[in-house]
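Colleague:
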Amino acid sequence: MKIMIIGGTGRVGSDLVKQFRKNTDDEITIAARHPEEIKIVDTVEERPKIKTLKFSIVDMTVEQMADTMKGFDAIYFTAGSGGHNVVLVDSYGAIKTMQAAEKAGVKRYIMLSSAFALQPDQWEGKKHYAKLQDYQAAKFMADHWLIHDTDLNYTILQPGSLLETPGTGEVTFNDDQPGSNSINDVSQVLFDVLDNKHAFDKVIIMHSGDMSIETALNNLK
Numbered sequence: 004m005k006i007m008i009i010g011g012t013g014r015v016g017s018d019l020v021k022q023f024r025k026n027t028d029d030e031i032t033i034a035a036r037h038p039e040e041i042k043i044v045d046t047v048e049e050r051p052k053i054k055t056l057k058f059s060i061v062d063m064t065v066e067q068m069a070d071t072m073k074g075f076d077a078i079y080f081t082a083g084s085g086g087h088n089v090v091l092v093d094s095y096g097a098i099k100t101m102q103a104a105e106k107a108g109v110k111r112y113i114m115l116s117s118a119f120a121l122q123p124d125q126w127e128g129k130k131h132y133a134k135l136q137d138y139q140a141a142k143f144m145a146d147h148w149l150i151h152d153t154d155l156n157y158t159i160l161q162p163g164s165l166l167e168t169p170g171t172g173e174v175t176f177n178d179d180q181p182g183s184n185s186i187n188d189v190s191q192v193l194f195d196v197l198d199n200k201h202a203f204d205k206v207i208i209m210h211s212g213d214m215s216i217e218t219a220l221n222n223l224k
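Throughout, this note's numbering is defined as the position within the sequence shown, counted from one, plus 3.
#1: On a Cα-Cα basis, can you pick out the residue from Glu30, Lys54, Asp146 that is closest to Glu40?
#2: Give me, in chain order, the residues of the same chain whose beta-carbon lies closer than 6 Å to that of Ile78; leave out the 5 immediate sequence neighbours on both sides.
#3: Nearest CA to the CA of Ser84: which residue from Gln67, Asp179, Ser116?
#4: Cα separation between Ala69 and Thr100?
#5: Could you please give me the residues that DSSP links to Ser117 through a beta bridge?
#6: Quick one: what does DSSP say His210 is sitting in, helix, strand or coil?
#7: Please classify Asn187: does DSSP put it in a helix, a strand, or coil?
#8: Applying the criterion that 16 or more other CB atoms from any shown protein chain within 10 Å of the CB defines a buried residue, is Gln161 buried or exposed?
#9: What does the Cβ neighbour count give for Asp124, buried or exposed, with the cut at 16 atoms within 10 Å?
#10: What are the boundary residues of the beta strand (DSSP E) that includes Ser84?
#11: Could you tell me the alpha carbon to alpha carbon distance between Ser227 and Asn26, rounded to whole angstroms?
#12: Applying the 10 Å Cβ sphere with the 16-neighbour rule, what's the burial state of Asp93?
#13: Over what stretch of residues does the beta strand (DSSP E) that includes Tyr132 continue unbroken?
#14: Under the assumption that Asp146 contacts Ala118 (Cβ atoms under 8 Å), give the Cβ distance between them as a whole number of angstroms.
#15: Just checking my contact of Glu238 with Met209 at CB under 8 Å: how many whole Å lie between their CB atoms?
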C-alpha cells in the first residue's frame, strides 16, 4: 500500500512511522512542513522505504493537497497545533485534508483525535478540560465533518492523555471513563486499524486497559 502520514514528525506520528518500518513493506510518505529536518534511517533491516513531502496544512489549498495525494491508498492525520492555530490546523486544516483526499480518489482516512471530542457534554465547561476547550471544539468539528460530510472509509481514534511510557498492548475501548495511554499503544492501534474491517467507519475512544489490542479491535461493533 501507499500511505501518507500527515504529522508524521509528531510524538504519535513518528511512532506510527516506526510501526510501519518494522512491520510492513508499505510505501510511507511523511508529509511535513519542514521535511528537510526529518532524519530517516532507511536500511534493509528497517524497511519500507520512507519518503518525505513538503506539506503545509495552513498554507496549501485543497487543490494543492489533492495533487500530492493522488495515487495514495490511505491518509493518516496525526498532526496537531500544539495550541497554536487551533482552528487552522486541528479543525479547518484537517477538513481540508479530507476534502483533498476525496478529490484525489483516496478511500481510507484515519484520524487521530481526542477522547470524547464528539461528546461535548463530557468536556464543555469541565475543569479537567479547562485548557483544552478550543482544542476539543476544533476536534469536534473535524470529526463531525469526517463522519457526516465525506464518503471516506474512516476510523477516528480518540485516545485520552498521552504518556511517554512503554506500551502494554492492552487497552479499553469506548467506555465512559477518562484515562491515559502510552503513545506506543496509540500508534499500535493506528497501525492495526488500517485494514481491520471491524474498525471501518468507527469512532474508537481509547485508554489503557486489560484487553489485547487485537481482541479489542475484533470486538468492535
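A virtual CB, placed ideally from N, CA and C, is assigned to each residue, including glycine.
Modeller: This is what the structure gives:
#1: As a position in the sequence shown, residue 40 is number 37, starting the count at 1. With distances taken between Cα atoms, Glu40 lies closest to Lys54.
#2: In the sequence shown, counting from the first residue as 1, residue 78 sits at position 75. Excluding positions up to five away in sequence, the list reads Met7, Ala104, Val109, Tyr112.
#3: Here residue 84 corresponds to residue number 81 of the sequence shown, with the count starting at 1. For Ser84, the nearest C-alpha among the options comes from Ser116.
#4: Taking the first residue of the sequence shown as position 1, residue 69 is located at position 66. Taking the first residue of the sequence shown as position 1, residue 100 is located at position 97. About 8 Å.
#5: For the purposes of this step, residue 117 is taken as the residue at position 114 of the sequence shown. DSSP, once it has assigned bridges, lists no residue as partnering Ser117.
#6: Your numbering for residue 210 matches position 207 in the sequence shown. It is a strand residue.
#7: Indexing the sequence shown from 1 puts residue 187 at position 184. In the structure shown, Asn187 sits in a helix (DSSP, three-state: H, G or I).
#8: Here residue 161 is taken as the residue at index 158 of the sequence shown, counted from 1. Flag for Gln161 reads buried.
#9: For the purposes of this step, residue 124 is taken as the residue at position 121 of the sequence shown. Flag for Asp124 reads exposed.
#10: Position 81 of the sequence shown, counting from 1, holds the residue named residue 84. Segment: none, Ser84 is in no beta strand (DSSP E) and carries neither H nor E.
#11: It is not possible to answer for residue 227, since the shown part of the chain is limited to 4 through 224.
#12: Position 90 of the sequence shown, counted from the start, is the residue given in the question as residue 93. Answer is buried; the Cβ neighbour count reaches 16.
#13: As a first step, residue 132 is located in the sequence shown; it is residue number 129 there, counting from the start. Unbroken run through Tyr132: none, as it is neither H nor E.
#14: Looking up residue 146 in the sequence shown gives position 143. Looking up residue 118 in the sequence shown gives position 115. With a Cβ gap of about 11 Å, Asp146 and Ala118 do not count as contacting.
#15: Look at the range of the chain in this structure, 4 to 224, and you will see that residue 238 is not part of it.
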